[in-house]
Every structure is written in C-alpha cells, then in structure tokens.
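Sequential numbering of the sequence shown, starting at -15, is according to this note's numbering.
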Amino acid sequence: MAIEKIKAFAPATVSNICVGFDVMGLAIEAPGDEVLASRHHTPGAHILSCNHEKIPLDAGLNTASVAVQALLDKLGDPQMGIGLDIIKKMPVGTGMGSSAASAAAALVAANALLGEPFRKIELLDFAVIGERAADGATHADNVAPSLLGGLMIIRSLDPTDVIQLPIPSDLYVGLLFPHITILTKEARGILKTEVPMKLFNQQVANMGSLISALYREDWEMMGRSLVDMVIEPQRACLIPFLSQVKKAAYEAGALTCSISGAGPAIFTFAKGKTQIENIGRAMVDVMNELNIPHDLHISKINQKGSIVLEGK
-15 MAIEKIKAFA
-5 PATVSNICVG
5 FDVMGLAIEA
15 PGDEVLASRH
25 HTPGAHILSC
35 NHEKIPLDAG
45 LNTASVAVQA
55 LLDKLGDPQM
65 GIGLDIIKKM
75 PVGTGMGSSA
85 ASAAAALVAA
95 NALLGEPFRK
105 IELLDFAVIG
115 ERAADGATHA
125 DNVAPSLLGG
135 LMIIRSLDPT
145 DVIQLPIPSD
155 LYVGLLFPHI
165 TILTKEARGI
175 LKTEVPMKLF
185 NQQVANMGSL
195 ISALYREDWE
205 MMGRSLVDMV
215 IEPQRACLIP
225 FLSQVKKAAY
235 EAGALTCSIS
245 GAGPAIFTFA
255 KGKTQIENIG
265 RAMVDVMNEL
275 NIPHDLHISK
285 INQKGSIVLE
295 GK
C-alpha cells in the first residue's frame, strides 16, 4: 500500500558566519520547520495550508512548493501531484533561514513520499530554486546546511559542489533572535557592489585561517579569524543595538559575535556549554535592559539536517 503522507523537519541555520558571505552556513538543532507532504489529485505542487499569515499560499511564490515543483519537473511525471502543509515553528525575516527550512523540509518529505527517487545531496539543486523565490538571489548558505546538516562551504552551484567542514566536538552556538523583522531583500539592497582590495584580502585571509582552525581545533585562531570586514559594517545600521550585544558577548568570553544571515538574529560561538550559557545570559541582559522582546537558542551544530519525522 502506497504511503499517502510524510512529515519532515528542517532546522534553522546561521549563514555567512562572518567570513563566508553567501557561501558558508551551519545548521542548529532547533528551532525549525515541519512540512507534511501528501499525494494530491491535481498535478504539480500545491500549498494546502500554512500556519503563518505572512507566508504566500500561491504555489508559484512559496519556497517549499517551488522547490517541490522543480523536483517533480525533474522526475518527469506530468500527472504527479503533491500537496504541502507548512507548519512554521520559527519566525520569518529573522536571519535564521526560515524560507530555506521550509524548502528543505518540503523536499525531504516529498522525496520520501515518492519512494526517494533522489539522493539527499541531489535535492539541493531543487532547494536552491525554491530559495530563489524568497529573495530573487541564488545562494545556498542557508538551505544547504538545513538540508544536509553540518558546517558547510558552498564552492559552486553550477555544478553543485558543497563541502562539510570539521566541527570541533566542544563547539557551541548561541543564536539570539530579537523580535524585529529585517527582510533579506532589504538587507541585500544596502550592500555595495564593490569591495576595497584591502578588505577583500583580509576577508579571504580570515576565511582561510578559520578553515585551518576548524581542522586543527585551534580555538585561539578561530576567534582571530571570525571577523567580518565586509558585510557586517554595512548591515550594522539595521540593528541599532548590535554593538551593545557584541560588547556583552565578548566580555563574557565569546569567540565571535556577529549577524546571522541578513539579521536581525545575532550568533555567537564558544567552547563548551557552560561558556555559551554565560554568553547567552550576557546578551539577554542587554535585550532586557533595552526592553526588546527576544528568544535565545543554544545548540551544538546539527549534523543531520532535514529528517523524516513520520509517514502513513
């Protein structure tokens, strides 16, 4: 008997990671999105429901349905129909990869429903098509780690070439989400199209030394390397309290503290759970002093990515 419904989960992400604009990202354990994929009598991908009022139900505009439609097109069965119920369990416009998580979960659920005609890595091409529906840009720094897990570099999308980097066993991530919204299109729109050579050189050096530090588990080098010379200085104006949060995080022992994706989420790294909890409390204290509603997520790096939750 054919399975009629499959539910999948995809985690939130931190992208850019200071030195890898549009090409580096990592997955965290929670929060994330869930998508229920079911067989549909009408061909194509359809959004049946979503519990978030800002998410488009138009199948041509939703990252989840656009991604699944790309899968169906590649499969080449014009009669196949998939319905999607999106259960948002993370906020939208946060710098936490919300649209990417929906696309990744939808693909994993739909692929499982169809008997897994594609390997997980092959779903990434469809996920990138879905992500393009969110902000018009082609990048995979959110959707690749949300789908595949881990800490990743996206070397190329044509052809797809992604690398999972080593993760020190005691590396923890703190992710502070202030309850304000910054749309990715807005955050991309303020970026300059040219970068001074001096800053470019330093950014490349920082990225190279970060990768070396991960392989060597050199915590001191990791901290020295995680400095954004290019993107954060341009986007900091969108988060007026960023400097205060960073100051508190560094004083509490953070390896780094910077904008996650387009913001307003702010991430930090630390060695050990006790240290990241101390840093988290310091960041939360700033939010409380400023009377800004917020959430804090503390996590190790999620190395599984999107997973099937249930099917029947």
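C-beta: ideal position from N, C-alpha, C; glycine also.
- In this chain, Gln287 is not harboured by any beta strand (DSSP E), its DSSP state being neither H nor E.
- Here Cys221 carries a helix assignment [DSSP, helix/strand/coil].
- Sorting Thr78, Leu98, Thr(-3) and Ser196 by C-alpha distance to the C-alpha of Leu149 places Ser196 at the top.
- Taking each of Val179, Asn0, Val157 and Ala93 in turn and checking the Cα distance to Gly256, the smallest one comes out for Val157.
- Counting C-beta pairs closer than 8 Å gives fewer than three between the stretch 63 to 83 and the stretch 132 to 152, which falls short of the contact rule.
- Ile31 is positioned such that its CB atom lies no closer than 7 Å to that of Leu20.
- When the beta-carbon positions are compared, Thr47 and Ala11 stay at least 7 Å from each other.
- With respect to the 7 Å criterion, Phe5 and Ile215 are classified as neighbours on the basis of their beta carbons.
- For Pro129, the three-state secondary structure derived from DSSP is helix.
- Here DSSP, grouped into helix, strand and coil, assigns Phe251 to strand.
- Taking C-beta separations shorter than 6 Å and ignoring five residues to either side along the sequence, the partners of Gly133 in its chain run Ala11, Asn286, Gln287, Lys288 and Gly289, following chain order.
- Phe251 sits buried, since 16 or more C-beta atoms from the chains shown fall within 10 Å of its C-beta.
- In chain order, Thr(-3), Gly9, Leu10, Ala11 and Met136 place their CB closer than 6 Å to the CB of Pro129, counting only its own chain and leaving out the 5 sequence neighbours on each side.
- The C-beta separation of Leu141 from Ala(-6) comes to about 19 Å, leaving the pair out of contact by the 8 Å criterion.
- Under the 10 Å beta carbon count, Asp61 is surrounded by fewer than 16 other beta carbons and is classified as exposed.
- Excluding five sequence positions before and after Leu226, the CB atoms of its chain that fall closer than 6 Å to its own CB belong to Ala220, given in chain order.
- Exposed is the label assigned to His163, since fewer than 16 other Cβ atoms lie within 10 Å of its Cβ.
- Beta-bridge pairing by DSSP links Asp69 to Leu20 and Ser33.
- CA-CA distance, Ala94 to Gly16, rounds to 17 Å.
- Taking all protein chains shown into account, Phe253 has 16 or more neighbouring C-beta atoms within 10 Å of its C-beta and is therefore buried.
- The C-beta distance from Leu159 to Ser244 rounds to 6 Å, short enough to fall under 8 Å.
- Shown here for Gly114: same chain residues with a beta carbon closer than 6 Å to its own, the five before and five after excluded, namely Thr47, Val50, Ala51 and Ala87 in chain order.
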